[in-house]
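> Can you keep this structure in mind? I'll have questions shortly.
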Amino acid sequence: MDTNSFIQNIPLEYFIILSSVLFCLGVLGVLLRKNAIIILGCVELMLNSVNLLLAAFSAYKGNGDGQILVFFIMVVAAAEVAVGLAIISMMYRNTKSVDVSIFNKLRG
Amino acid sequence: MENLVYAIILLPLAGFLINGLFGKNLPKMLVGTLATLVVFASFCIAAYLFFNFDADGQPVIVKAFEWFRISGIQINFGFQIDQLSLMMIMIITGIGSLIHLYSIGYMSHDKGFYKFFTYLNLFIFSMLLLVMGSNYLILFIGWEGVGVCSYLLIGFWFQNWEYGKAARKAFIMNRIGDLGLLIGIFIIASQTNSLDYLSVANNASKFSVDSPVIIFITASLFIGAVGKSAQVPLYTWLPDAMAGPTPVSALIHAATMVTAGIYLVVRSNFLYTLAPTVQGGILFIGLLTAALAAFYALRQNDIKKVLAYSTVSQLGFMFVALGVGAYTTAMFHLMTHAFFKALLFLGSGSVIHAMSGEQDMRLMGGLKKKIPITHITFLIGTLAISGFPLLSGMISKDEILVSAFAKSPAYWGILFVIAALTATYMFRLYYLTFHGEFRGTEEQKHHLHESPLNMTLPLMVLAFLSIVGGFINLPHFIGHGHYAKLTQWLKPVLTEESFGQMEANIADVSFNTEMILLVATILMFFAVWFIVKNIYVTKKKLALPENQYTGWEKLSARKLYIDEIYNVLFVKTVEGLGRAGKMFDKDILDPAVDFVGEGAEDSGRAMKRFQNGNVENYVLIMSLAVGIILIVNFLLQ
Numbered sequence: 003m004d005t006n007s008f009i010q011n012i013p014l015e016y017f018i019i020l021s022s023v024l025f026c027l028g029v030l031g032v033l034l035r036k037n038a039i040i041i042l043g044c045v046e047l048m049l050n051s052v053n054l055l056l057a058a059f060s061a062y063k064g065n066g067d068g069q070i071l072v073f074f075i076m077v078v079a080a081a082e083v084a085v086g087l088a089i090i091s092m093m094y095r096n097t098k099s100v101d102v103s104i105f106n107k108l109r110g
Numbered sequence: 056m057e058n059l060v061y062a063i064i065l066l067p068l069a070g071f072l073i074n075g076l077f078g079k080n081l082p083k084m085l086v087g088t089l090a091t092l093v094v095f096a097s098f099c100i101a102a103y104l105f106f107n108f109d110a111d112g113q114p115v116i117v118k119a120f121e122w123f124r125i126s127g128i129q130i131n132f133g134f135q136i137d138q139l140s141l142m143m144i145m146i147i148t149g150i151g152s153l154i155h156l157y158s159i160g161y162m163s164h165d166k167g168f169y170k171f172f173t174y175l176n177l178f179i180f181s182m183l184l185l186v187m188g189s190n191y192l193i194l195f196i197g198w199e200g201v202g203v204c205s206y207l208l209i210g211f212w213f214q215n216w217e218y219g220k221a222a223r224k225a226f227i228m229n230r231i232g233d234l235g236l237l238i239g240i241f242i243i244a245s246q247t248n249s250l251d252y253l254s255v256a257n258n259a260s261k262f263s264v265d266s267p268v269i270i271f272i273t274a275s276l277f278i279g280a281v282g283k284s285a286q287v288p289l290y291t292w293l294p295d296a297m298a299g300p301t302p303v304s305a306l307i308h309a310a311t312m313v314t315a316g317i318y319l320v321v322r323s324n325f326l327y328t329l330a331p332t333v334q335g336g337i338l339f340i341g342l343l344t345a346a347l348a349a350f351y352a353l354r355q356n357d358i359k360k361v362l363a364y365s366t367v368s369q370l371g372f373m374f375v376a377l378g379v380g381a382y383t384t385a386m387f388h389l390m391t392h393a394f395f396k397a398l399l400f401l402g403s404g405s406v407i408h409a410m411s412g413e414q415d416m417r418l419m420g421g422l423k424k425k426i427p428i429t430h431i432t433f434l435i436g437t438l439a440i441s442g443f444p445l446l447s448g449m450i451s452k453d454e455i456l457v458s459a460f461a462k463s464p465a466y467w468g469i470l471f472v473i474a475a476l477t478a479t480y481m482f483r484l485y486y487l488t489f490h491g492e493f494r495g496t497e498e499q500k501h502h503l504h505e506s507p508l509n510m511t512l513p514l515m516v517l518a519f520l521s522i523v524g525g526f527i528n529l530p531h532f533i534g535h536g537h538y539a540k541l542t543q544w545l546k547p548v549l550t551e552e553s554f555g556q557m558e559a560n561i562a563d564v565s566f567n568t569e570m571i572l573l574v575a576t577i578l579m580f581f582a583v584w585f586i587v588k589n590i591y592v593t594k595k596k597l598a599l600p601e602n603q604y605t606g607w608e609k610l611s612a613r614k615l616y617i618d619e620i621y622n623v624l625f626v627k628t629v630e631g632l633g634r635a636g637k638m639f640d641k642d643i644l645d646p647a648v649d650f651v652g653e654g655a656e657d658s659g660r661a662m663k664r665f666q667n668g669n670v671e672n673y674v675l676i677m678s679l680a681v682g683i684i685l686i687v688n689f690l691l692q
């Protein structure tokens, strides 16, 4: 039994529900938490929920395109995290805090 | 020949340039002498050309260069020397140089001395361009040029606000006429593919008599003439133009510029002969102008205003002559009028000079003994314009009367009355100014003096010309037209139809009728003289202030309220339009433009609240937006 048919044993709805739950958790985390690192983590959570969904659809269709897109998203996410963490470390150095609510200098 | 023609026109231009550029630093004597000499030199050259011009000769065209070529119409910058232009050049430069000479004395105390002569020379140049050009477009340049000079010289003492307004009035009213002239020129160009007088004349025969095109062309050109020559309804600028220095009134607003309209019509006689309808219109306008202006002149108190209205009236006489097709008669009266009206204006200038600037006749009187030369020459001018037998004005005016009689005795009757009015206001002017008791202040009385020789010499020359000027065109009943030298001289300028029309017209009047008319005019003149003398010398009647007149005298003094009517009809209307435009701008356009700017600002201020720098807020809004879009999308499906 190859991997695809193995995965197809699990109903697709499960994947969709799991991904949605993960995505919503990510969104809520970004909205509610003030810690910059956790916000960054929640963004990763959202990205990965999407990745999961892409991989699942890919397996169900028997087509590798979705999984290739997943790799791209991972690469971009890694780069984004590198930049994001660098920004956060600079924020910490300057203010000894990673609370985003005090970083509101960009208001109009 | 060619070089001489160029010299005539370039000499005044040179005078203008030299005086205009360097005059400020040159001594007054030099400026005045130079300006006078260039014009006099032009006159000498013109006289030389005149005496060497073959009387039956064809017009000489001097082409300077090709100006431009547009859709098959070639416009040359060239001059046409023929009988008509030579006559005009002689009048312009001859009287012009006399008035330049006079101005040296008259303007000697003025700060703008060099400026005055600069403008005068520019005027002579423009006027020469007007009469010498070989096509309508060059005429138009000159036409506009004299308009500008007229504006500059009327407003010469522009520190006085009223004078500046008079200058603008003259300029604007002239613009109305100029538009007509320009339209006429355009139609000529489109219809005949040429603007040269000679080729337009050759092409004119293709128009049928009284066809709409020819009526439109001649009427448009005539509108130009109405503006420039101060005819009804565009005459009100000329009396106001008396704001300028008196030599200007003599040169521009009596002798030369205002006669440009007459010149234009005579020059275009090949067109006007084809349009009897328009000729009728000219006759009507001329009669109306002559009558109205003569009526106004009866009760004016400003010595120059009387002469100004007299000029308008005499120009009306010339247009009457043009209206009945008597082109050479109009030119004859133009010439004699130039002599005696320039004389009268310069004489009034001499009076004003002696009175230390006073122009009101109510404060004059008894000047006869104090300024004898001015008095004698002024009397000659008065007699000439009023119609003393054998003086120039009488002979030329009689010719107009006879031509009008040939058309209809009614026209003769109207002109006869106007001629009586002319004599009336001129003798009133003469007696109020020179006879009776002096009515000015003691200081003015003490200061009374005869003008210097450079002012009295032009007076004497012009007085001489006013006496003998009529003899160059004696009535045709003397020697069967053999002594009508001017008519013969101008004959080649007219087309055969024009001349034939004129001859046929006169031939209708028998010798006896003409004698009766002549005697009637002469009797009328002496009767008027006697009556006016009786009123103003024996009964010592005096002029009243404008607001104390009643009845017809008030109407005359207030000029039938025409200025006020124009003011309400046109000036107030335009001002009202301007005010409406201002309101539209202030109350509608401005707020609309402001709204665009302020709207952007306000919306920015409103939206600013969402950008509070709080990242969670942004994310919340973004998520909500995505959620809303999804829900809406779902619902829509």
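Top line first, the protein sequences correspond to chains A and B. Taking the working numbering, the leading residue of the first sequence gets 3, the next gets one more, and so forth. Taking the working numbering, the leading residue of the second sequence gets 56, the next gets one more, and so forth. From the three backbone atoms N, C-alpha and C, an ideal C-beta is built for every residue, glycine too.
What is the DSSP secondary structure of B/Arg417, reduced to helix, strand or coil?
Helix, per DSSP.
> Give the single residue among A/Phe74, A/Ile12, A/Arg35, A/Gly28 whose Cα lies nearest to the Cα of A/Glu46.
Of A/Phe74, A/Ile12, A/Arg35, A/Gly28, the residue nearest in Cα terms is A/Gly28.
> Just by C-beta distance, which residues in the segment 22-43 of chain A are closer than 7 Å to chain B?
For the segment 22-43 of chain A, which is checked against every Cβ of chain B, the residues closer than 7 Å are Val29, Val32, Leu33.
> Can you tell me whether A/Ser12 is helix, strand or coil according to DSSP?
First, the amino acid is wrong: residue 12 of chain A is Ile here, not Ser. Coil, per DSSP.
> Going by CA-CA distance only, name the one from B/Phe105, B/Phe108, B/Ala309 that's closest to B/Ser205.
Measuring from the Cα of B/Ser205, the nearest candidate turns out to be B/Ala309.
> Using the beta-carbon of each residue, which ones in chain B are nearer than 9 Å to A/Val102?
Under the 9 Å cutoff, chain B gives Asn669, Val670, Glu671.
> Go to B/Ala330, then tell me how far its beta strand (DSSP E) extends in each direction, as first and last residue.
Taken as a continuous stretch (DSSP letters only), B/Ala330 belongs to no beta strand (DSSP E), as it is neither H nor E.
> Between A/Asn11, A/Val52, A/Gly64, A/Arg35, which lies nearest to A/Phe74 when the distance is taken from Cα to Cα?
Closest by alpha carbon: A/Val52.
> B/Val681 CB to nearest chain A CB: under 7 Å?
Answer no: the Cβ-Cβ gap between B/Val681 and chain A never drops below 7 Å.
> For the alpha helix (DSSP H) containing B/Glu552, name the first residue and the last one.
Here the alpha helix (DSSP H) through B/Glu552 covers 551-562.
> Kindly indicate the opening and closing residues of the alpha helix (DSSP H) around B/Lys637.
Looking at the DSSP string, the run of the alpha helix (DSSP H) that includes B/Lys637 is 627-638.
> Locate the alpha helix (DSSP H) running through B/Glu497, then write down its first and last residues.
First-last of the alpha helix (DSSP H) with B/Glu497: 497-502.
> Rounding to the nearest angstrom, what Cα-Cα distance links B/Ser447 and B/Ala439 in this structure?
Those two C-alpha atoms are separated by around 6 Å.
> With a CB to CB cut of under 6 Å and the five nearest residues on each side skipped, what residues in its chain are close to B/Asn190?
Counting only Cβ-Cβ distances below 6 Å, and skipping sequence neighbours, we find Leu250, Asp251.
> Straight-line CA distance for B/Ala680 to A/Tyr16?
Distance between the alpha carbons of B/Ala680 and A/Tyr16 is about 27 Å.
> Identify the residues that DSSP records as bridge partners of B/Ile136: which are they?
Paired residues: B/Val115.
> As an exercise, report each continuous alpha helix (DSSP H) stretch of at least 4 residues that is fully enclosed by the segment 368-437 of chain B, in chain order.
382-409, all fully within the segment 368-437 of chain B.
> To the nearest whole angstrom, what separates the beta carbons of B/Ala478 and B/Gly442, a pair I think is in contact under 8 Å?
So it is a contact: roughly 6 Å between Cβ atoms.
> Can you tell me which of the three DSSP states A/Asn106 falls into?
Looking at A/Asn106 - three-state DSSP - the assignment turns out to be coil, as it is neither helix nor strand.
> By Cβ distance below 7 Å, which residues in the same chain neighbour B/Glu580 in space, the five residues on each side in sequence not counted?
Inspection of the sequence shows that residue 580 of chain B is occupied by Phe rather than by Glu. Ser441, Gly442, Phe443, Ala478, listed in sequence order.
> When the Cα atoms are used, what is the spatial distance from B/Gln334 to B/Val321?
Going by the C-alpha atoms only, they are around 12 Å apart.
> Consult DSSP for B/Ile533 and reduce its assignment to one of helix, strand or coil.
Note: B/Ile533 maps to coil in three-state DSSP.
> Between which two residues does the alpha helix (DSSP H) holding B/Ile317 run?
Per DSSP, B/Ile317 belongs to the alpha helix (DSSP H) from 315-322.
> Going by DSSP, what residues sit across from B/Gln13 in a beta bridge?
Since the first residue shown for chain B is 56 and the last is 692, residue 13 of chain B is missing from the structure and cannot be characterised.
> Using C-beta distances below 7 Å, list every residue in its chain close to B/Tyr318, excluding the 5 sequence neighbours before and after it, in chain order.
Closer than 7 Å at Cβ, skipping near neighbours: Met143, Val186.
> Is it true that the CB of B/Lys359 sits closer than 7 Å to the CB of B/Met297?
A contact, by the Cβ cut-off of 7 Å.
> Ends of the alpha helix (DSSP H) at B/Trp584?
Here the alpha helix (DSSP H) through B/Trp584 covers 566-588.
> Do B/Ser458 and B/Ala559 have their beta-carbon atoms positioned less than 7 Å apart in this structure?
For B/Ala559 and B/Ser458, no; Cβs fall outside 7 Å.
> Short check: CB of B/Ser365 to CB of B/Gln499, under 7 Å?
No, they are not a contact pair.
> At the level of alpha carbons, what is the spacing between B/Asp109 and B/Ile426?
Computed Cα separation, rounded: 44 Å.
> Looking at the unbroken alpha helix (DSSP H) that takes in B/Asn80, where does it start and where does it end?
Looking at the DSSP string, B/Asn80 is not in any alpha helix (DSSP H), and its letter there is neither H nor E.
> Who does A/Asn37 pair with in a DSSP beta bridge?
A/Asn37 pairs with A/Asp101.
> Can you grab the Cα-Cα spacing for the pair B/Leu289 / B/Glu630, in whole Å?
Computed Cα separation, rounded: 19 Å.
> Could you pull out every residue in the same chain whose Cβ sits closer than 7 Å to the Cβ of B/Val564, ignoring the five residues on either side in sequence?
Within the same chain, B/Val564 has close Cβ partners Val457, Phe460, Ala461.
> Between B/Ser658 and chain A, is there a C-beta pair that is closer than 7 Å?
So no, B/Ser658 is outside the interface.
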